[in-house]
Structure formats: structure tokens, C-alpha cells
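What follows is one structure encoded as C-alpha cells, with my remarks underneath.
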Amino acid sequence: MTDLIAPATTRKDWASDQEVRWCPGCGDYSILTAVQLLMPELGAKREETVFVSGIGCSSRFPYYMNTYGVHSIHGRAPALATGLAVARPDLHVWVITGDGDALSIGGNHLLHALRRNVNLTIILFNNQIYGLTKGQYSPTSEAGKVTKSTPFGSLDHPFNPVSLALGAEATFVARTHDMDRKHMMETFRRAYQHKGAAFVEVYQNCNVFNDGAFDAITSKDNRPSMLVPLEHGKPVRFGPDGEKGVVLDAHGSAVIVDVSEVGEDALLVHDEAREDPALAFSLSRLASGPYSPTPIGVFRAVERPDYGSLVEDQLADAAARKGPGDLAALLRSGTTWTVA
Amino acid sequence: MKTLDRVVVRFAGDSGDGMQLAGDRFTTSSAIFGNDLVTLPDFPAEIRAPAGTVAGVSAFQIHISDHDIFTPGDHPNVLVAMNPAALKAHVGDLEPGAAILLNSDAFDERSLQKAGYAADPRADGSLSGFKVYEVPMTTLTLEAVKPSGTKARDAERSKNFFALGLVSWMYSRPTEPTFEWLAKRFASNEMVREANTLAFKAGWNFGETAEIFESAYEVKPAHLKPGTYTNISGNTALAWGIVAAGQLAKLPVFLGSYPITPASDVLHELSKHKNFGVRTFQAEDEIAGVNAALGAAYGGALGVTTTSGPGLDLKAEAIGLAISLELPLVVIDIQRGGPSTGLPTKTEQADLLHALYGRHGEAPLPVVAPSTPGDCFYTAIEAARLALKYRTPVIVLSDGYLANGAEPWPIPDVATLPDLSREFGMATEPNKILADGSEVFWPYLRDPETLARPWAVPGTPGLMHRIGGLEKSDGPGSVSYDPVNHDLMVRLRAQKVAGIASDIPLVEVDDPFGKAELLVLGWGSTYGAISAAVRAVRAAGAEVAHVHLRHMNPFPSNLGEVVRSYKRVLVPEVNLGQLRKLVRSEFLVDAQGLNKVGGLPLRRTDVELAIASQLEMLRTEGR
């Protein structure tokens, strides 16, 4: 069987027969397209691919992929996917989630999937709003957000999902946005190829309940001056003419500077492979929300044994030491006596 | 030496006094000696409650006999009390005239005060109805272990072995099993082994030479059925049953679990058996535990989660998802006193209605309940069988009493266990030809006999499909909001579970002469107390029938007919009448209850009195 090469697939092969039911103009469409276009390029097999989701608009995603898929319950996708990935290390398991699903009701599961480094590709659609329940503020909504449930403005301080993932010591952390298919595909490709838990935050526009939330940074005009592309081994630099850059100050905080003032050599050179997550964390703090220059790309990509492989190692080790399980012997492993 | 047919011993002391260990050792030597036995550990939820207080008392009761017995005994014949608090906590349970072995070193003023005694009970006449033996256990232990070189503070910790040695002498227990165990357990710590061995011998010798005991007793071996036995607790039996189910189904086992009393021992035991391909996952919480197990089941494993009441609350939503996804899942609930945190270390049977109905929507699932520690093994296998065959979550209702209690268990011949791999199959190819001739896979096209849907695991080419918690169309399994379809799917899921009634044994009625007018109907861990009570009532010449349920949902198909055929039905339960409510609503039978929720198993005498009262009413009615 090793000689067989999987027949090449096309985008069509990855689309299910289900009608896509997101609102017209939703950013989810472009993410779906990016994933469907990417799968053939990755040479992935549909039968070995599973999309697991929770609840929310984004979590309808699995229905639209012609793969195996589970649309589970609110917040629990990382937990269900953990069981699947650990039981079946041969599969490629994706988790599709949103800001409410992953960071509010399911916050605990996301953190633990990341710290365990379960072999999962986790895509978090962040639109900074609850869409499916029709427009309440989410854990990533900006403070003061006026919504149906916060007519006088939200009092909650928002999460920064990238900081959160780094805080959980995720081994792969990236950010992309729904307006740039090429960047999305490249980011998803890196996430897919990462062994262990890969976390990607996608800034995604909800054109019904939070339209334009990311316009300040993702609109075509604003991108050059507001998106800070992170590229491994390169100075962190942005602006229409690369006139802005990032340096670390004396406290280790990333700050934006004019390149002309500090000189090119003073710029921070991005190192996604650095074991210490502090550098990536400083970069994640550069912007507190999508209103000021915001880094996108891979913040962190380090190697650490993935959870499923460690589980397999323990099973193999136990079998090597004790031999394969012998049920009759197990039942007699305590003190026994015989009644004639 | 005097011969007894049975004796009930209770070891009681501070949480740190090693009473559970002493009890365990006494159990093992009694088992090896050949007695029938039943045990009842009883310990506080706190790991170390304030030393010397009644709240911190830990106890272990064992009933040994020369004939088959069902319960740990209602009233101890012997109490070992390591301090005043232990005496205070347990003296009220003793049989009149019982023997009390006191550690007299522990009866100083301060300890008496901590236990809440205003006056020394040894002097105020309150123990006059008992045979009190005052033994300076601490002093004698310290003296005895000196040759081992153990420091005084550590040496005192061996006093549980002194007590064990003394009680072992009183009941002529074999000593070899204890010495062997000590040698093995402390192989790498010679000083501790030596200290415990010396303390045990000192206790034994004290009994023999002190001349304060009239004589030692003997409880002859019981005539148990021939076979090889081991001593097994309910939690170990559940864990072994799950390992066995995986082997019998030829599936890898995946346990997703979160530590909770009194279920954690199942996780501990299963985590030892990785060489059987058992994956154990200690999740971040109860919810993750069940969801991970369900994810593993989706991937083709035998998914299992273990918990107790508070955890079952948290798992409810995921169990509902499993019902909707129609995937096999075994949910083990070791019931404890509730509601809320309740009584973590005490037993109760109050999760029955929760197991049956504790989910939103119409969400039926099979529920099974073991009746003895050893039966936990077979019940786990039966739960797995139902889950795999009908692609449904199944709840196993054990409880704290079965979990920690132990009994001699005839080890089954593995070849006689059911071959679960024949009960189900996994989908390998498309199952539907459409009008245009194309072959497709419909994840909700059911087996006409079992109504189970196909189990198509990821990795199978051509069977890719998407399923979720949204309602699905009958057959294709696509998302459907159609009212007619939803009504149909609700009914199909209910029918599937109800149909299991034809796949489980009919209830067996224990009614030797078929003349009884009173039926005692029980379930789960009350089996022992009810069986013992029924035996006692019959020995006194009365007629009474006994039915004990294992399948709580669906009920065996003849249960209605059986309960209706008796003039009176008595349902003893460790709750406020949950099975009774079901029997009344299902069968329109005016069943009566015996309900005690004290965190302890029912006593034989409780059931005996309730039976007597029911029989009296029958007589009155008959007049």
C-alpha cells in the first residue's frame, strides 16, 4: 500500500452537498473557501480528516466539508476532539470554534487542549460578537460595547486570544484575517503541518451584528499601515513603505517606532521558534484590539511532544514491559484461594 | 476454643490510625481462611479531620461467617476503638453484650474532651452492657517495636497492627497472609516491615498470654461453591469489567474521567492496565471527561466515563449529545449522598430518576445497576454490550457501598464471558442506493431489528458524514427542522431503547413455594440486606417473594405482570422512593416503600421489620 499515492483532489471534492446557510456577506464564507482550497494542496485525505465544532455560527462549518465531522455542544469541541485525537492518532482533527464558544463557555477546554499539546488544528473565528443568539457582546468585544444585553455598554475587559493561547504555552499560535485568502491559506497550512496543538485566531467580520469591527486594520486601504506581518527571522516592520517597525524596550515590551529614528538594525527580529514565549507574548500585546497596528502571522511555533504520541508511547511501553493484556491473569492478579 | 457461626468486627480509630488497612488485612486473611465475608468501610470525607474528634473517625466493618452471608452485619459483636472519639461514634451500633477493645492509652482527659465526653465512659457505667477490654495498645506497641530501631513517633503508627494482631488471635485468623503482605509491601523498607511485624506479633501474643480474654473463637470456613476466589471491591470489579468488555468487544477502551469520590478508584485501577490498550485520560473537568469519551467513541473506541452525582449533573448535556449522535458510551455513576456535595463518602441510591430523566428533551437511555461488588464486573460488561449493540449511552448505577465494600468473588472462566464483538459491527460501505443509482452512506439508516444506526468511524473511505446535536432527518441524517421528522426521530430513539426489553432476561422471582402474597422488589446494592431479611423471614415460617432488578430502563418485559400478581409490593430503597414511583406510574400498582437515607446501606433488620409490617397488614386485610 505504501506505493499508492492518494488521488489528487480538487476543491469540489471537499465541499459537502449541504447548502451553506451563513448570512450573505459573512466572513465565514471566505474562511470556508480558504480551507476547501487548501485541502487539495495539502494532499490531505477526506476520510482521515475530521472537523469538530461547538456551537455558534462558525460551528456550522463541519456540515459544509465533505469529510467526517461532529457538530458538538457549546464550548466542548476541544474536549471531544481531544478524545478523538488521542483514541485515533492516525486522523487529522480540526477544531472550528468562535470567540464565545472557545473563550467563554469553553474557555477551560481550550486552555487544557493547548497546554497538553493535543494534536489538533484549532481555528478560532473571532468576530467579537455573539451572532447565533443575535448580537450579545462576547469575551472579545471591546469594553463599553453597546449590545442587546449591554444597552449601557459592556463592563467586561476583553480577552486577547493570542495572549491567552501563549499564556497556556501553546506550541503554535498565529493570527490571520478573513479579508486575505492567501494569508489565511498560508497560516492554515503552517497550522496543519504543526505537530501538536496549533491555534489560529481569524479576525472575521460579522456583517449583521458587528459589521466593520476590523475595518480599521483589515480594509484594503488600512492594511499596510495597520497590519504588522510577522515573518520568522525578519525584522518586524510595516507601513506602506516599511517606515514603521517594532523594537523591544528596556522592560521587554514591544513598541512601535519610526525606522528612520532608530535605524533598521535596532528592529526586533522575529523568532517564532524561541522556547520562551515572552517575545511572542510582547508582540501579542502590541495591540489591545483591532484599532491600532496589529501583528498577524505566526507568533510562536515550537516543538514539544504532542499528547497523543506520549499516550501511545506509554501504551507501547506498558505492553513491552508487561506483555499484551491477559484477561484471565488480570482476574487472578489479587490474592486468590481455591475452594474444593 | 469456642466456635461461632458468624461474627461482625468493626475497627474504628482516627483517620490517620490505619483502620482501613487493618480491616483490609483482616479481610484478606479471613478470605484465605475460607469464610464468607462482606465488608463496609466507613470513612470521613476529610482526609485528616481534626485528630481525636468524632468527625475524624474512620471505621471498617467486616462480617465473617461459616455460611453464605449477604450483608456486612447490622450490629458489630466486636468494636476496636483506638480512641474515645471512635468509641463515641460507634458504641451505639453495637449488639448488646458486644466486646469493646479499647486503646486505654488514648483515654486521657484531653482526648475525652475532644471526643465530647464530659465524663470518662469507662467509669460512668455507660458501658456496663458490654464486655470492655482495656488494652494499653500504644505503650505495648512502642515497647514491642523497639528492636526494629524505629523512632518513637513512627513506632506509634504500628498500633493498628497491634490491634490487628489481637483481633486475629481472638478469631484464630491465619497469620501467614499478613506476614507475606508485610514482606511484599515493605520490601524496600525493612524498618517499617519489622516494626509492623513486631506490633502484630505483640498484639497476637497479648491475646494469648494476658488472660483477660476467656478464650479465642473460631469461625469455620464457609461452604462456598467450588472454584477459585479473589476478594473484590465494587470499584475494582467495575474497572475489570470495563477491561474485559474492551477485550470481549475487541475494541480499545478510552476512559475520560475527572477525580471524584467515591469513583476515583475506577480511574486509578484502569490507568494501571495500559498493556490492554486502555487509554485513561484525566480530564480538566467532568464535562471534558465525558466529551472526550464520546469523541473516542466516535473514533471507534469503547468510550467510558466514571463519576458520582455532582459529576453526573455536569455530564448531562454531553450524554444528551450521545443520545442524539447515537454513539456507544458507558457512563458509570457511583452514587453518593446528595444533593450538591452532600455526603461524598457515604452511600445512597438517589440518582435513579436523575439517570433516567436528568436531561432536557425526550432523552431515554438504558440504565443498569449492579447488586453486589462482584456483580459490578458483569454489569459493566452488560452496559458495554447494550451501548455497543444499540449505539446509545448507558448509565451504570453503582454506589458508595458497592464501590468500597468487598466480598469473595468466584473468578469466572474467561471463555464463558459473552463475545461482545458479535453484538455489533462497523459500517464499511455505502448503505443506500438513490433513485439515480448512486450509492451513498446514510448515517441514520437504522437496523430494522435493533433500530441502531450504523457506526461509521473516521478513516473509512467513502463514508464521510457529518453529525451533530441538531435534529437529523430520518435516514440521511442531514440537519432537519421538519416537525413530522422530529416527532418521528423522538419516537424512534425512544423505541430503540424500549426495544431493549426483548434483549434482556425476564425477572426471576425468588418465591420458593409460589405461595407468597408479598413481593419485595429491590434494585442495586440493597440486594444483600433484602436477601438476608427474606431468608430470616422464611426461616421464621413466613412466605415472601423477592425480585431484584438489574435493568432499570427498560424494565424486563414481565415485570409488570409479576408485580401485579402479588397482593402487596414492598420496595426498600436508600432514597425516598424512586423505584417505587416508577413502579406505581408504570404498572399502576400501589407499591409501598421502605426508605432510609442515612448515608449507610439498609440493615437486614430494617427490611425484616418492614416485611413483618407488610405481612401483618396482609393478615389484617385477610380478616
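Respectively, the protein sequence lines represent chains A and B.
Per this note's numbering, the first sequence starts with residue 324, numbered consecutively.
Per this note's numbering, the second sequence starts with residue 1163, numbered consecutively.
Glycine residues also receive a C-beta, built at the ideal position from the N, C-alpha and C atoms.
- Query: Would you call the CB atoms of B:D1495 and B:L1559 closer than 7 Å?
  - Reply: Yes; because the gap between Cβ atoms is below 7 Å, this pair is in contact.
Run through DSSP, which three-state label would B:A1663 get?
B:A1663 falls in the helix class under three-state DSSP.
- prompt: My guess is that B:A1423 and B:P1506 are in contact by the Cβ rule of under 8 Å, so how many angstroms apart are they, rounded?
  reply: It should be noted that the sequence gives Thr, not Ala, for residue 1423 of chain B. About 4 Å separates the two Cβ atoms, so the contact holds.
Review point. What residue range is occupied by the uninterrupted beta strand (DSSP E) comprising B:A1630?
Key: Here residue 1630 of chain B turns out to be Gly, not Ala, going by the sequence shown. That run of the beta strand (DSSP E) goes 1628-1630.
Point to revise | Assigned secondary structure, A:V469 (DSSP; H/G/I helix, E/B strand, else coil) | key: Coil.
**OP:** Have a look at the DSSP bridge pairing and note the partners of A:F561.
**Re:** Secondary-structure assignment with DSSP links A:F561 through a beta bridge to A:K567.
Tell me the DSSP bridge mates of A:A577?
According to DSSP, A:A577 shares a beta bridge with A:L571.
Note to self: Taking contact to mean 3 or more Cβ pairs, one atom from each stretch, closer than 8 Å, check whether the region 1339-1357 of chain B and the region 1304-1311 of chain B are in contact.
What the structure shows: Judged by Cβ distances under 8 Å, the region 1339-1357 of chain B makes contact with the region 1304-1311 of chain B, as three or more pairs qualify.
On the criterion of 16 or more Cβ atoms from any shown chain inside 10 Å, does A:D599 qualify as buried, or is it exposed?
A:D599 counts as exposed, since fewer than 16 other C-beta atoms from the protein chains shown sit within 10 angstroms of its C-beta.
If the criterion is Cβ atoms closer than 7 Å, does the pair B:L1274 and B:V1242 meet it? The answer is no: Cβ separation not under 7 Å.
What three-state label does DSSP hand A:M324 in the structure shown? Residue placement at A:M324 is poorly supported in this model, since its pLDDT is 43, which falls under 50; the coordinates still yield a value, given next. Looking at A:M324 - three-state DSSP - the assignment turns out to be coil, as it is neither helix nor strand.
Open item on the list: Quick check: the region 1638-1658 of chain B against the region 1671-1683 of chain B, are at least 3 beta-carbon pairs closer than 8 Å?
Closed with: When C-beta atoms of the region 1671-1683 of chain B are compared with those of the region 1638-1658 of chain B, fewer than three pairs fall below 8 Å, so the two segments do not count as touching.
The alpha helix (DSSP H) enclosing B:R1781, as first and last residue numbers | Element bounds for B:R1781: 1766-1784.
Practice item. Following the continuous beta strand (DSSP E) through B:H1710, name the residue where it begins and the one where it ends. Key: Start and end: 1707-1711.
TODO: Determine the DSSP secondary structure at B:G1457, reduced to helix, strand or coil.
DONE: In the structure shown, the three-state DSSP call for B:G1457 is helix.
Q. Of all the residues that make up the region 650-661 of chain A, which are near chain B by a beta-carbon distance shorter than 7 Å?
A. Here the close residues are L650, A651, L653, L654, R655, G657, T658, T659, W660, T661.
- Could you give the DSSP three-state label for B:Y1643: helix, strand or coil? B:Y1643 falls in the coil class under three-state DSSP.
### Task
Please compile the residues from chain B whose C-beta is within a distance smaller than 8 Å of the C-beta of A:N389.
The answer, in chain order, is M1626.
Reducing DSSP to helix, strand and coil, say where B:E1601 ends up.
-> Looking at B:E1601 - three-state DSSP - the assignment turns out to be strand.
### Query
Just how far apart, CA to CA, sit A:A577 and A:Y460?
The alpha-carbon atoms of A:A577 and A:Y460 are separated by roughly 29 Å.
- prompt: So what does DSSP say about B:D1495, is it helix, strand or coil?
  reply: In the displayed model, B:D1495 falls within a strand according to three-state DSSP.
field: Unbroken stretches of the alpha helix (DSSP H), 4 residues or longer, contained in the region 1268-1297 of chain B
entry: Taking only runs of at least 4 residues, the alpha helix (DSSP H) segments lying wholly in the region 1268-1297 of chain B are 1271-1277.
Using DSSP bridges, identify the partner residues of A:M388.
For A:M388, which the question treats as bridged, DSSP gives the partners A:A338.
| said: Quick check on DSSP: helix, strand or coil for B:T1612? | reply: Three-state DSSP puts B:T1612 in coil, outside helix and strand.
Relative to chain B, which residues along the region 395-410 of chain A have a C-beta separation below 7 Å, given in chain order?
For the region 395-410 of chain A, which is checked against every Cβ of chain B, the residues closer than 7 Å are S395, I396, R399, A402, L403, A404, T405, G406, L407, V409, A410.
Taking Cβ-Cβ distances shorter than 9 Å, what residues in chain B pair up with A:Q341? The answer, in chain order, is R1628, S1640, V1641.
Thinking just about the alpha-carbon of each residue, which of B:D1282, B:V1200, B:E1748, B:L1738 is nearest to the one in B:Q1511?
Ranked by Cα distance from B:Q1511, the first of B:D1282, B:V1200, B:E1748, B:L1738 is B:L1738.
Exercise. Counting along the chain, where does the alpha helix (DSSP H) carrying B:V1329 start and finish?
Worked result: Per DSSP, B:V1329 belongs to the alpha helix (DSSP H) from 1321-1332.
Whose C-beta lies closer than 7 Å to the C-beta of A:V358 among residues of the same chain, with five residues either side of it excluded?
Closer than 7 Å at the Cβ level, and outside the excluded window around A:V358, lie F511.
Practice problem: Closer than 7 Å, Cβ to Cβ, to anything on chain B: give me those residues from the region 428-449 of chain A, in chain order. | Solution: Interface annotation for the region 428-449 of chain A against chain B: N431, H432, H435, criterion Cβ-Cβ distance under 7 Å.
State the DSSP-derived secondary structure class of A:R369, mapped to helix, strand or coil.
In this structure, A:R369 counts as helix in the three-state DSSP scheme.
**Item:** Simplified DSSP assignment, three categories, for A:K518
**Value:** Coil.
Quick one: give me the first and last residue of the beta strand (DSSP E) that B:Q1121 is part of. Here chain B comprises residues numbered 1163 to 1785, so residue 1121 of chain B is not present and cannot be evaluated.
Contact criterion: CB-CB distance below 7 Å. Does A:P385 meet it with respect to chain B? Chain B contact via Cβ: present.
**Item:** Range covered by the alpha helix (DSSP H) that runs through A:D640
**Value:** Element bounds for A:D640: 630-645.
Check: What span of residues does the beta strand (DSSP E) with A:A589 cover, start to end?
Finding: Where A:A589 is concerned, there is no enclosing beta strand (DSSP E), given that its DSSP letter is neither H nor E.
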